[in-house]
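Colleague: Residue numbers (our numbering), protein chains in the order written: chain A, 1 to 216; chain B, 1 to 216; chain C, 1 to 216; chain D, 1 to 216.
There are 4 protein chains.
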Amino acid sequence: MSSEVFSSVDDTELVERRRQQVVAAATELYGQNGFHKTTVKEIAQLAGVSAGLIYSYVKSKEDVLFLVLQSVLESYAREIPKALEDVTDPVQRFCAAVRAYCKVVGARPDATLLAYRETKSLGAEQQAAIKQMELKTNQLLTRCIEDAIAAGYFRKINVELAAYRIVLLAHGWALKAWRFRQFTSLAEYTEEGLDLFLNAMLTPKGWAHCRGEKEQ
Amino acid sequence: MSSEVFSSVDDTELVERRRQQVVAAATELYGQNGFHKTTVKEIAQLAGVSAGLIYSYVKSKEDVLFLVLQSVLESYAREIPKALEDVTDPVQRFCAAVRAYCKVVGARPDATLLAYRETKSLGAEQQAAIKQMELKTNQLLTRCIEDAIAAGYFRKINVELAAYRIVLLAHGWALKAWRFRQFTSLAEYTEEGLDLFLNAMLTPKGWAHCRGEKEQ
Amino acid sequence: MSSEVFSSVDDTELVERRRQQVVAAATELYGQNGFHKTTVKEIAQLAGVSAGLIYSYVKSKEDVLFLVLQSVLESYAREIPKALEDVTDPVQRFCAAVRAYCKVVGARPDATLLAYRETKSLGAEQQAAIKQMELKTNQLLTRCIEDAIAAGYFRKINVELAAYRIVLLAHGWALKAWRFRQFTSLAEYTEEGLDLFLNAMLTPKGWAHCRGEKEQ
Amino acid sequence: MSSEVFSSVDDTELVERRRQQVVAAATELYGQNGFHKTTVKEIAQLAGVSAGLIYSYVKSKEDVLFLVLQSVLESYAREIPKALEDVTDPVQRFCAAVRAYCKVVGARPDATLLAYRETKSLGAEQQAAIKQMELKTNQLLTRCIEDAIAAGYFRKINVELAAYRIVLLAHGWALKAWRFRQFTSLAEYTEEGLDLFLNAMLTPKGWAHCRGEKEQ
DNA sequence: GATGAATGAGTGTTCATTCAT
DNA sequence: CATGAATGAACACTCATTCAT
Numbered sequence: 001m002s003s004e005v006f007s008s009v010d011d012t013e014l015v016e017r018r019r020q021q022v023v024a025a026a027t028e029l030y031g032q033n034g035f036h037k038t039t040v041k042e043i044a045q046l047a048g049v050s051a052g053l054i055y056s057y058v059k060s061k062e063d064v065l066f067l068v069l070q071s072v073l074e075s076y077a078r079e080i081p082k083a084l085e086d087v088t089d090p091v092q093r094f095c096a097a098v099r100a101y102c103k104v105v106g107a108r109p110d111a112t113l114l115a116y117r118e119t120k121s122l123g124a125e126q127q128a129a130i131k132q133m134e135l136k137t138n139q140l141l142t143r144c145i146e147d148a149i150a151a152g153y154f155r156k157i158n159v160e161l162a163a164y165r166i167v168l169l170a171h172g173w174a175l176k177a178w179r180f181r182q183f184t185s186l187a188e189y190t191e192e193g194l195d196l197f198l199n200a201m202l203t204p205k206g207w208a209h210c211r212g213e214k215e216q
Numbered sequence: 001m002s003s004e005v006f007s008s009v010d011d012t013e014l015v016e017r018r019r020q021q022v023v024a025a026a027t028e029l030y031g032q033n034g035f036h037k038t039t040v041k042e043i044a045q046l047a048g049v050s051a052g053l054i055y056s057y058v059k060s061k062e063d064v065l066f067l068v069l070q071s072v073l074e075s076y077a078r079e080i081p082k083a084l085e086d087v088t089d090p091v092q093r094f095c096a097a098v099r100a101y102c103k104v105v106g107a108r109p110d111a112t113l114l115a116y117r118e119t120k121s122l123g124a125e126q127q128a129a130i131k132q133m134e135l136k137t138n139q140l141l142t143r144c145i146e147d148a149i150a151a152g153y154f155r156k157i158n159v160e161l162a163a164y165r166i167v168l169l170a171h172g173w174a175l176k177a178w179r180f181r182q183f184t185s186l187a188e189y190t191e192e193g194l195d196l197f198l199n200a201m202l203t204p205k206g207w208a209h210c211r212g213e214k215e216q
Numbered sequence: 001m002s003s004e005v006f007s008s009v010d011d012t013e014l015v016e017r018r019r020q021q022v023v024a025a026a027t028e029l030y031g032q033n034g035f036h037k038t039t040v041k042e043i044a045q046l047a048g049v050s051a052g053l054i055y056s057y058v059k060s061k062e063d064v065l066f067l068v069l070q071s072v073l074e075s076y077a078r079e080i081p082k083a084l085e086d087v088t089d090p091v092q093r094f095c096a097a098v099r100a101y102c103k104v105v106g107a108r109p110d111a112t113l114l115a116y117r118e119t120k121s122l123g124a125e126q127q128a129a130i131k132q133m134e135l136k137t138n139q140l141l142t143r144c145i146e147d148a149i150a151a152g153y154f155r156k157i158n159v160e161l162a163a164y165r166i167v168l169l170a171h172g173w174a175l176k177a178w179r180f181r182q183f184t185s186l187a188e189y190t191e192e193g194l195d196l197f198l199n200a201m202l203t204p205k206g207w208a209h210c211r212g213e214k215e216q
Numbered sequence: 001m002s003s004e005v006f007s008s009v010d011d012t013e014l015v016e017r018r019r020q021q022v023v024a025a026a027t028e029l030y031g032q033n034g035f036h037k038t039t040v041k042e043i044a045q046l047a048g049v050s051a052g053l054i055y056s057y058v059k060s061k062e063d064v065l066f067l068v069l070q071s072v073l074e075s076y077a078r079e080i081p082k083a084l085e086d087v088t089d090p091v092q093r094f095c096a097a098v099r100a101y102c103k104v105v106g107a108r109p110d111a112t113l114l115a116y117r118e119t120k121s122l123g124a125e126q127q128a129a130i131k132q133m134e135l136k137t138n139q140l141l142t143r144c145i146e147d148a149i150a151a152g153y154f155r156k157i158n159v160e161l162a163a164y165r166i167v168l169l170a171h172g173w174a175l176k177a178w179r180f181r182q183f184t185s186l187a188e189y190t191e192e193g194l195d196l197f198l199n200a201m202l203t204p205k206g207w208a209h210c211r212g213e214k215e216q
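And the structure:
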């Protein structure tokens, strides 16, 4: 994947710091007004730098969008594994992954929306890179599901499809948060969704296992 | 709703015809390149009219987007009731509604995506009008669910949340069609999703009812 | 002068009638919003005809302006001689001319303003034609002045310059009517202006003559 | 007056310089072809800058017109007081004011014409601001006349009306310069006009005073 | 490294004018 | 003669990007 964003500045640490400033500003503005309505000058102003400076750290306005979306996807890739760190039981790992995913999405629903809304504004290559990152996130879920199947706790279902249903569960909150917030909480939404899926996925052995867990 | 799009031409039939031309062209282009990257001239060219003519039937480029999204939402509001016309059994009606929704979305996944991507590009008023139409579509689903609950076939769940899960099922196909198409079909996707939800919603009485239906 | 406006319609009487409709509408609109801000469609609408029809009686939007200005200038050329018809005394003729000029201007100050504001919007040829008409109007005044000089009533002054001062007296009302109306009337304005000029122009013989007139 | 024109550039001196460039170019072009027929690109080209740059110093094409008219009116407000600086005698001050006014108008007759022709092309607020400036110029004249009346040199006439006659004298040169230049000079035009007004305004005491001045 | 003035290509929109009906 | 839908050239204005300082 050739999707490294070019910078004319060498000092890696400075590049990082500047980009963070810019990405933070851009995320807010893109979320509010969309990619196209947001001008580079607005981003620069909110980031507290000059418009010209941005082009020392990024080759185009599109690159900024790429960095923004990258940072969103990275937060997924960071948070889910973190939530799984100390969990060993396959079913518990699955549940933890789902909860973690929903939680990251819930923390910045606008960011997730942004990914849906603006990915197409990127060039083909960067679009592909973003999709690649999404697939990697999904693999975190597929692996959990596969493990639970291997352990005999989940039925032998289409793993990738199941993973996508989870993704849609999590993203669904972001997509419809404006309405959901009016009659439910993220936690409730997540647990009910989780129930739904467990219901459909657990084998009798899986059920027994779960009950055992709870009885402990 | 004050969201009628203004036309300087009076002949209703002509207005309808021209708008259809323009909306068809715009849907394709907006879907391909997004609202902002698409120029009015491109739309005009694809629609086979002059750029100026568009402004006889629409007051702004934004109006064209509104018309496009409106036509998408209208197709939902048209197709779902049609699918329910001759179905009386509450559970069957629910299933028919879900299948119909998934089918309309599947017929023009780009159009559904467009609604997600570009609704924010509209002015506040038109945005509200679109959301209103979406709510109306959802009510087609809530009514089905309520009826099934009233008949004792579905458990007493949060109706609106359930409806939204269905919406996300249907829209999910559009959102991830690029991937889904690689390993499943819309029908399979729909039926499996339906199963999932029925599993979670049916009461014992509902289950018995279903089995009876099939045995007939 | 090749400044005849072309019409594709032959029936002279109809041409006249239609043009009057259009000119009336255009005068109002040009006066209100200026030539450039006024659209042909607006003129057509106010005139109660279709936009296309105008082009049967006129070759361009500019032609309409020309007709409008022509009608203004013609009203000068018509009213001043009428006011002189039964007056034979040179000084009286001069006074009658001045009063008549001020009166026509006062009747449609907007129209006079229009001539100042929009003559430059015409093509060179039509601009020249309008100036020509203005010169003709001025000659009505110069002739009066010359006659009064010949009769020994006026001093031997620069006749054309004097005529222009009168023109500016009359036009001045239109140019500053928005202010003048607040503290004087057209009649007062006219008489005081006339006094001013007579003062400067009358010979002793002229003065005696005037006094004699009044004593009669 | 809320009629300050906005600039996105802060450096006051640069703003001043650029605006002067633009105003100079615009004055010429507006004078030649009128406000509406002149394109922003033409102005930019003549000013030797890019079209886009203009919008760093001005918010709209209309603002350029405002700046142009403002500069005309300012030249009046600057030159007339300057001409009065070392003159103390009321009648002399009046004469100096009239001569100064005619001279500024004569220096850029096109600019004065522009004010007549294009003030209506401004928005309501800027139109009002221009009229306000015109009133201020007029007050320079009224004050002279009032002083001469107070000193017993001028008769007790309607001061504002008299001031406007002077204004029309000065503007008259601009309005009809195309003709006047063919048979007289600005100086002659001015002096004769001044005579005319003095004739009508001076009291016997004023006459005596004048003669005295000359005899000195 | 940082600034922000300058560029100029690109776009939505208007409107005089034409012409099929 | 009359209509008004259709055309398309023209124009104000925006904004990503560059580069001299």
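Don't be surprised by glycine CBs; every beta carbon is placed ideally from N, CA and C.
Have a look at residue 1(D) and residue 72(C) and give me their C-alpha separation to the nearest angstrom.
Modeller: For residue 1(D), the pLDDT reaches just 44, beneath the cut-off of 50, and the residue's location in the model is therefore unreliable, although a value from the coordinates is still provided. Going by the C-alpha atoms only, they are around 37 Å apart.
Colleague: Scan the region 70-113 of chain C and note each continuous alpha helix (DSSP H) run of 4 residues or more that stays entirely inside, going in chain order.
Modeller: 90-107
Colleague: Considering Cα atoms alone, identify which of 115(C), 59(C), 144(C) is closest to residue 134(C).
Modeller: 115(C)
Colleague: According to DSSP, is residue 35(C) part of a helix, a strand, or is it coil?
Modeller: helix
Colleague: Please name the residue or residues paired with residue 202(D) in a DSSP beta bridge.
Modeller: 154(D)
Colleague: Please state whether the Cβ-Cβ distance between residue 51(C) and residue 21(C) is less than 8 Å.
Modeller: no
Colleague: Under 8 Å, Cβ to Cβ, is there at least one residue of chain D near residue 36(C)?
Modeller: True, the Cβ-Cβ gap to chain D drops below 8 Å.
Colleague: For residue 138(C), does the count of other Cβ atoms within 10 angstroms reach 16, so buried, or fall short, so exposed?
Modeller: buried
Colleague: Alpha carbon to alpha carbon, how far is residue 31(D) from residue 37(D)?
Modeller: Using only the alpha carbons, I get a separation of about 10 Å.
Colleague: In terms of residue numbering, what span does the alpha helix (DSSP H) encompassing residue 172(D) cover?
Modeller: 159-180
Colleague: What does residue 154(A) reach in chain B if we use C-beta pairs closer than 8 Å?
Modeller: Per Cβ cutoff of 8 Å: no residues; residue 154(A) is ~14 Å from chain B at best.
Colleague: Would you please verify whether the beta carbon of residue 88(C) is less than 8 Å from any beta carbon of chain D?
Modeller: no
Colleague: For a test of the three-state rule: what should DSSP assign to residue 118(C), helix, strand or coil?
Modeller: helix
Colleague: Can at least three beta-carbon pairs, one atom from the region 122-132 of chain B and one from the region 179-198 of chain B, be found at a separation below 8 Å?
Modeller: no
Colleague: Compute the Euclidean distance between the alpha carbons of residue 120(B) and residue 104(B), then round it to the nearest angstrom.
Modeller: Near 23 Å, if we compare the C-alpha coordinates of residue 104(B) and residue 120(B).
Colleague: Could you check whether the Cβ of residue 78(D) sits closer than 8 Å to any Cβ belonging to chain C?
Modeller: no
Colleague: Buried or exposed for residue 176(C), going by 16 or more other Cβ atoms inside 10 Å?
Modeller: With a threshold of 16 other beta carbon atoms within 10 Å, residue 176(C) meets it and is buried.
Colleague: By the 7 Å beta-carbon criterion, what residues does the region 117-134 of chain D contribute toward chain C?
Modeller: 117, 120, 121
Colleague: Could you compute how far the alpha carbon of residue 66(C) sits from the alpha carbon of residue 84(D)?
Modeller: 44 Å
Colleague: Taking residue 163(A) and residue 145(A) to be in contact with their CB atoms under 8 Å, please state how far apart those CB atoms are, rounded to whole angstroms.
Modeller: Separation of the CB atoms of residue 163(A) and residue 145(A) is rounded to 6 Å, and the pair is thereby assigned contact status at 8 Å.
Colleague: Let's test the definition: count the other Cβ atoms within 10 Å of the Cβ of residue 9(A) and tell me whether it reaches 16, buried, or not, exposed.
Modeller: Here residue 9(A) is exposed. Its C-beta has fewer than 16 other C-beta atoms within 10 Å.
Colleague: Is it buried or exposed, residue 94(A), if we count other Cβ atoms within 10 angstroms and call 16 or more buried?
Modeller: It is buried - the Cβ of residue 94(A) has at least 16 other Cβ atoms within 10 Å.
Colleague: Does DSSP put residue 211(D) in a helix, a strand or coil?
Modeller: helix
Colleague: Quick one: what's got a C-beta closer than 7 Å to residue 41(C)'s C-beta in the same chain, skipping five residues either side?
Modeller: Result list for residue 41(C): 51, in chain order.
Colleague: Between residue 223(A) and residue 91(A), which are expected to be in contact by the criterion C-beta below 8 Å, what is the C-beta distance as a whole number of angstroms?
Modeller: Here chain A has residues from 1 to 216 only, and residue 223(A) is not among them.
Colleague: Give the DSSP-derived three-state secondary structure of residue 6(D) in the structure shown.
Modeller: Coil.
Colleague: Label residue 88(A) either buried or exposed according to how many other C-beta atoms from any shown protein chain fall within 10 Å of its C-beta, with 16 as the threshold for buried.
Modeller: exposed
Colleague: Specify the secondary structure class of residue 48(B) as computed by DSSP and reduced to three states.
Modeller: DSSP places residue 48(B) in coil when its eight states are reduced to three.
Colleague: For residue 168(B), count neighbouring C-beta atoms within 10 Å of its own C-beta (all shown protein chains included) and say buried if the count is 16 or more, exposed if not.
Modeller: By the neighbour-count rule (16 or more Cβ atoms within 10 Å), residue 168(B) is buried.
Colleague: State the DSSP-derived secondary structure class of residue 193(B), mapped to helix, strand or coil.
Modeller: Shown here, residue 193(B) sits in a helix according to DSSP, grouped into three states.
Colleague: When you compare the CB positions of residue 173(A) and residue 81(A), do they come within less than 8 Å of one another, or not?
Modeller: For residue 173(A) and residue 81(A), no; Cβs fall outside 8 Å.
Colleague: Would you kindly work out how many angstroms separate the C-alpha atoms of residue 5(C) and residue 55(C), rounded to a whole number?
Modeller: So the two alpha carbons sit approximately 11 Å from each other.
Colleague: For residue 179(A), tell me which candidate among 165(B), 58(B), 118(B), 35(B) has the shortest Cα-Cα distance.
Modeller: 165(B)
Colleague: Listing by chain order, which chain C residues have their CB less than 8 Å from the CB of residue 136(D)?
Modeller: Residues of chain C whose Cβ lies closer than 8 Å to the Cβ of residue 136(D) do not exist; the shortest such Cβ separation is about 14 Å.
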